Each structure stands twice: as C-alpha cells, then as structure tokens.
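Reminder that position 225 of the sequence shown reads as 211 in this note's numbering, one-by-one numbering, no gaps.
The beta carbon of each residue, even a glycine, is placed where N, CA and C say it ideally should be.
Model, not experiment: these values are computed from the prediction.
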Amino acid sequence: MIRSDEMDTSSHIIMGLGLAALAHIDPAVANSAALSQAVLFGTVIGSNAPDFDYIYRMKGKGSYIRNHRSTSHSLFALPLWSIAVSGIIYAFLPEASFLHLFLWTFLAVILHVFFDLFNVHGTQVSLPFTKKWIAFDSLPLVDPTILVVHLFGFSLLPFFPMDEVFLTIYLFIFLYLAVRSISTVLVKRNLHLHFQNSIRIKLIPRISLFHWDVIIETKDDFLFGVFAKGSLTIDHSLVKKIAFPDLVSESKKHPLVSDFLSSTQYAYPFVLKRKNGYLVYWKDLRFRTNKFFPILTIIAVSSDHKMNEGFIGTLYSLKQYKQVIKQLKNTAS
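Put into structure tokens, the structure is as follows:
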C-alpha cells in the first residue's frame, strides 16, 4: 500500500474554501464584502501555510524529509503563520477588519495541523519541548470522505445559506473524526490485550472505515497484517536480525540516513552485500506493498566501508528501484 507522504495541496485548498464559507457565520464577515474576500484568501492560504516548509526541497530531498511537519507545524509556528498571512492580505485590503481576518486565518492554520495529527505520519507539534512525533492513526493521509463532504457542501450553496451548510458539514466531519478516533483506540487496546508481549503496535488507517494495516513489534520480530471486520490477519513477518551491525551503526552518520531517521520512528535497517561493497537500506515499515517498503533511504558503501552516494525518498515501481540500485552499485567500489 503506497501512500502519499502528506495530505495533498488540493485537499487543503478545498478545506480553506470550506472555512471561508463557514466564516459567514461571523456577522462581521457576512456584512462586509471586503472582509469576506480577505477571509477567503486568509483561510485558503492559511490552510496551506504550514506546508510552506516545501522550500526545504531547495536544499535537497533529505532536508525536506527532516524538516517537513516539524517546526512549521509546531505550536509556536501557528500564530506566526497566521500573523504573516493576515498581515500580507491586510496590506492589500486595509478596509477589512484585521482582527476578524486574523482569527479566521488562525483557525485555518490550526485545523491544518490538527488534521495532520490524526494521520499515520503525524507532526512534531510539541517542538521545541520535544522532538517526538505525535500521530493518532485515525485518518488516512488523504481522506476522500472529508473531500466528498466538502464538495457536497459546495453543491448546496446555490440553495442554502453557506454558513448553515458548512456549520453542518464541519459538525459531521468532527463526528466522523470522533468515530474513527474512538474505533482506533478500541482496536489498539484490543490488540494489546492479545499481544501482551508486544513492544508497540502501530495502526495505519485505510480509506475504508474500520479497516487498518497493522504493525506489531515484539522483542524478536515485526508482524504485519490487516485488521478488518473485528479480526486480525497476519500476512507477513520480519525477524529482527541485523546483518553487519557495525556497518549499520556507521551508516547513521550519513546525512541522508540522519535525515531519514529524524522523520520516522519505524525505520529498520537491511544490508545487502555486493561484489564491490554493500548497500545499506533503511526502510520505513509503516508503508508497504506486500513485502516491499517503498519509502526508504539507500546508501552505497565500498568494500572498505567508505560511505558513498545514496538515495532518499519513495520508489514507486520496480523499474525505478532497479534504476536507483544500478546507479548506486557503480559508486560502491
């Protein structure tokens, strides 16, 4: 199951538009064309603002992976994004009320980070107090239910007041989120009762309601399966046995591995010995298609244990994987 690494930009734009419609529940917005226009820009831009950390891609994919959903999604960043976005819009629309513009933009920024917390990736929202990733494992990274409900709301706007429509829409969405969250907690509690020797259990929500991919980590192995219709099916296991442990330990000093490990708590190393050296893999176990883990970093190591070039990112096909390996093999000499 290969998934996107984030809720896509179109989803945040749609949610921003929904919040702009909901904002008309505020009489100041409903009675001012200028403020209504400003809030529209504020909620759409604010709904995307935390993902402006995309700029880190200019320093390389590793830098982006390290920094995405970290400082830009932290509690201290939320008001800063809101002030910046509101301030820029207010400079072009000074007749709008800055306070109301700021509050609705702030709500858009907050909801972006809030919904990110409920998917498998999570955020480092508690920075700088802790670097821990917080993820509630309740929503898929892109949830079509939330998108379809928004689109349904837009289709009703010619017939009903937009504030009433989207107040109903958002009440439904939060009810939907509550159902998903409660069911996730109950399933995880149930699995812990059955796997009392587990170190940790990770649920990866699928699009279908009450349907999760599961990772169960024990002292000796990882179990991978699917929980659906009240029962768990284990379809794959991975024994914890690290080949060439010194090489694996040394690989952590490589910038790409360091970036990768900062972004996930479910990375696991694999080493493949080659004629002219080694390939050290660090794979994110949360994302898999059968026995293939597409989100990873690969480091080429020479026969004398010198770290060389590497790859970090997502491999979407076997063809792409072979191309990357071919390039790295040439450097591991």
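Would DSSP call Ser248 helix, strand or coil?
Translated into the one-based positions of the sequence shown, residue 248 becomes position 262. It is coil, neither helix nor strand.
What three-state label does DSSP hand Asn105 in the structure shown?
Locating residue 105 in the sequence shown gives position 119, where the first residue counts as 1. Note: Asn105 maps to strand in three-state DSSP.
Given a cut-off of 8 Å on the beta-carbon distance, is the pair Ser68 and Phe92 in contact?
Within the sequence shown, residue 68 is the residue found at index 82, counting from 1. Within the sequence shown, residue 92 is the residue found at index 106, counting from 1. For Ser68 and Phe92, yes; Cβs fall inside 8 Å.
Touching or not, the segment 34 to 54 and the segment 19 to 26, by the rule of three or more beta carbon pairs under 8 Å?
Touching, no.
With 16 other CB atoms within 10 Å as the buried threshold, where does Asp232 fall?
For the purposes of this step, residue 232 is identified with residue 246 of the sequence shown, where counting begins at 1. Asp232 comes out exposed.
The beta strand (DSSP E) with Glu203 in it runs from where to where?
Counting from one through the sequence shown, the residue named residue 203 turns up at place 217. Note, Glu203: beta strand (DSSP E), His197 to Glu203.
Does the count of Cβ pairs from the segment 144 to 161 and the segment 191 to 206 closer than 8 Å reach three?
No, the segment 144 to 161 does not touch the segment 191 to 206.
Bridge partners of Phe327, per DSSP?
It is not possible to answer for residue 327, since the shown part of the chain is limited to -13 through 319.
I'd like to know whether the C-beta of Ser169 is nearer than 8 Å to at least one C-beta of chain B.
Structure shown: chain B not included; a single protein chain is present.
Touching by the beta-carbon criterion (3+ pairs, under 8 Å), the segment 287 to 297 and the segment 220 to 229:
With the rule of 3 Cβ pairs closer than 8 Å, the segment 287 to 297 does not count as touching the segment 220 to 229.
Assuming contact is defined by CB atoms lying nearer than 8 Å, are Phe104 and Ser22 in contact in what I supplied?
Locating residue 104 in the sequence shown gives position 118, counting from the first residue. Locating residue 22 in the sequence shown gives position 36, counting from the first residue. The Cβ-Cβ distance between Phe104 and Ser22 does not fall below 8 Å.
Got a sec? Which residues, its chain only, sit under 8 Å from Phe208 by beta carbon, not counting five neighbours each side?
Sequence index remark: in the sequence shown, residue 208 carries index 222 (1-based). Taken in chain order, the residues that qualify are Ile201, Ile202, Ser223, Leu224, Lys226, Tyr254 and Leu271.
Taking only the alpha-carbon atoms, compute the straight-line gap between His178 and Phe213 and give it to the nearest angstrom.
The residue you call residue 178 lines up with position 192 of the sequence shown. The residue you call residue 213 lines up with position 227 of the sequence shown. Straight-line spacing of the CA atoms in His178 and Phe213 works out to 13 Å.
7 Å CB neighbourhood of Pro126 in its chain, flanking five on each side removed:
Here residue 126 corresponds to residue number 140 of the sequence shown, with the count starting at 1. Residues Asn105, Pro191, Arg192 and Ile193 of the same chain have their beta carbon placed closer than 7 Å to that of Pro126, with the five preceding and five following residues left out of the count.
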